[in-house]
Amino acid sequence: MEFADYIEILKALGESTRLHIFEMLRNGTLCGCKILEQLNITQPTLSHHMKVLCDCGLVKAEKDWKWTYYTIDCEKLQGLLSFLGDTKCMREKR
1 MEFADYIEIL KALGESTRLH IFEMLRNGTL CGCKILEQLN ITQPTLSHHM
51 KVLCDCGLVK AEKDWKWTYY TIDCEKLQGL LSFLGDTKCM REKR
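Right, dumping it as structure tokens:
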């Protein structure tokens, strides 16, 4: 991943609703309808937040007829965690 990719992911997660959505997706794939049930937002607002999360690459969307299912892109997340963990303080703990 490029430095700009990390910036986009961190910016996306810097917004509280998107961070909450990410937290919900940590346990696996969810339908947009299930995410919407848990949040006090409108469908267009959810669509906006999901677009940001998908555009930065952290979340993948898959359409199944009338529903869209969202899941964390584990490869992107692993890249981010590797980047964030590659610091002097983390290397000294190993």
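Using full-length UniProt numbering, the final residue of the sequence shown is 94, and nothing's skipped along the way.
Quick reminder that beta carbons are idealized off the backbone N, C-alpha and C, glycines included.
Please classify residue i as buried or exposed, where buried requires at least 16 other C-beta atoms within 10 Å of its C-beta.
| i | result |
| --- | --- |
| L58 | buried |
| R26 | exposed |
| C56 | buried |
| L80 | buried |
Ignore the nearest five residues each way along the sequence and tell me which others in residue i's own chain have a CB closer than 8 angstroms to its CB.
| i | result |
| --- | --- |
| residue 95 | In this structure the chain extends from 1 to 94, so residue 95 is not present and cannot be described. |
| residue 147 | No answer is possible for residue 147: the residues shown for the chain start at 1 and end at 94. |
| C33 | W67 |
| Q78 | none |
| K11 | C56 |
Indicate the three-state DSSP secondary structure (helix, strand or coil) for residue i in the structure shown.
| i | result |
| --- | --- |
| I72 | strand |
Look at residue i and residue j and say whether their C-beta atoms are less than 7 angstroms apart.
| i | j | result |
| --- | --- | --- |
| H49 | R18 | yes |
Starting from the C-beta of residue i, find all residues in its chain whose C-beta is less than 7 angstroms away, skip the five residues before and the five after it, and write them out in chain order.
| i | result |
| --- | --- |
| Q38 | M24 |
| I41 | T17 |
Skipping 5 residues on each side, what residues in its chain have a beta carbon closer than 6 angstroms to that of residue i?
| i | result |
| --- | --- |
| W31 | Note on residue identity: the sequence assigns Cys, not Trp, to residue 31. Cβ neighbours of C31 beyond the five flanking positions: W67, Y69. |
| A61 | C54, T68, Y70 |
| T29 | Y69, T71 |
What residue ranges within the UniProt domain "HTH arsR-type" (1–92) form continuous beta strand (DSSP E) runs of no fewer than 3 residues, ordered along the chain?
-> 59–64, 67–72
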